[in-house]
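See structure below.
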Amino acid sequence: MGQSGKILDRAELLRLRERLRGEGRTLVQCHGCFDIVHPGHIRHLRFARAQGALLLVSITGDGFVGKGEGRPLIPEELRAENLAELDCVDLVHIDRSPTALDLLRDLQPDIYIKGSEYEHNNDPRFRAERDAVEASGGRVVFSSGDVVFSSTALIASMEHSVDPFHKRLARLTQRPELAMADLHGHIERMRGRRLLVVGEVIRDTYVLCDQPEVAGESPVLTLRPIERREYDGG
């Protein structure tokens with residue numbers, strides 16, 4: 603099945619589910635944001651795929667990802683395409699709901715896979731999902747969680763690595779009163795004007811050397827300068 607054939611809407615999923623029931627095949631479901639697919643996700647999905655005949659991965663739609671400003675980092679269509687490229691994933695669905703509860707009630711998967719961190723989780727949203735799965739005769743299985751990553755933590759670490767100037771620039775361009783057309787207008791108004799750019803003068807100095815010998819008592823090169831060159835740097 604090609605990538606595009608793996609991504610199904612709700613009606614297509616329900617029709618497929620009926621066919622799987624008639625064939626006696628087991629449907630396994632995972633659900634999450636899958637903003638950045640990391641090694642922990644891959645192991646989780648491989649484990650899930652081994653539990654039944656088909657693995658469905660449902661992802662939370664963009665408008666329902668409650669992970670803070672700027673999330674998800676990857677739009678829902680691309681997140682779905684990323685997952686569809688994985689050999690261990692048979693089906694992908696974009697679920698435009700805050701939780702998987704309604705989808706679980708409709709599909710009634712045989713097995714619902716969650717990470718080991720949910721095994722003793724008392725979150726009422728997960729309890730409702732678990733009750734829905736078990737009410738239809740399915741069961742919840744927890745993956746091992748032997749490789750633990752967090753997409754949220756990974757994205758936060760990337761944000762911390764961005765220098766303050768680029769953070770300020772990003773915030774500036776996100777101001778609602780500053781549209782892209784305004785930026786173009788400001789740039790056009792600067793045409794023909796003389797601009798003064800203040801900064802440091804950087805000179806790169808290169809010293810070309812000869813290597814007459816290697817010190818006998820230690821592996822240290824002894825070099826003799828033969829030429830010095832300077833260039834404008836920066």
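Under my numbering, the first residue of the sequence shown carries the number 603, and numbering increases by one thereafter. For every residue, glycine included, the Cβ atom is placed at its ideal position computed from N, Cα and C. The structure displayed is predicted, hence computed values, not measured ones.
query, result
"State buried or exposed for Asn684, treating a residue as buried only when at least 16 other CB atoms are found within 10 Å of its CB.", "buried"
"Evaluate contact between the region 719-731 and the region 688-699, counting only Cβ atoms and requiring at least three cross-stretch pairs below 8 Å.", "no"
"If you draw a straight line from the C-alpha of Val809 to the C-alpha of Leu797, how long is it?", "35 Å"
"Relative to the alpha-carbon of Glu620, which residue among Ile609, His640, Asp708 and Glu671 has its alpha-carbon at the smallest distance?", "Asp708"
"Who are Glu829's beta bridge partners in DSSP?", "Leu810"
"Any idea if Thr662 is buried or exposed, counting beta-carbon neighbours within 10 angstroms, 16 or more meaning buried?", "buried"
"Could you please give the first and the last residue of the uninterrupted alpha helix (DSSP H) stretch that includes Gly634?", "No alpha helix (DSSP H) contains Gly634, which is instead part of the beta strand (DSSP E) from Leu629 to Gly634."
"What separation, rounded to the nearest whole angstrom, lies between the Cα atoms of Gln631 and Glu671?", "28 Å"
"With DSSP as the reference, please indicate the residues paired to Lys716 in a beta bridge.", "Phe744"
"Would you identify the three-state DSSP class for Leu616, choosing helix, strand or coil?", "helix"
"Measuring alpha carbon to alpha carbon, tell me which of Glu721, Leu680 and Tyr720 ends up nearest Leu638.", "For the sequence presented, residue 638 should be read as Ile rather than Leu. Among Glu721, Leu680 and Tyr720, the Cα nearest to that of Ile638 belongs to Leu680."
"Check this for me: beta carbons of Asp689 and Thr628, under 7 Å apart or not?", "no"
"Name the DSSP bridge partner or partners of Ser660?", "His633 and His695"
"Could you check the C-alpha separation between Arg673 and Tyr833 for me, to the nearest Å?", "45 Å"
"Is it buried or exposed, Gly604, if we count other Cβ atoms within 10 angstroms and call 16 or more buried?", "Since pLDDT at Gly604 reaches only 49, below the 50 mark, its modelled position is unreliable, and no value is offered."
"Can you tell which of Asp664, Leu656, His633 and Asp806 has its C-alpha closest to the C-alpha of Arg623?", "Leu656"
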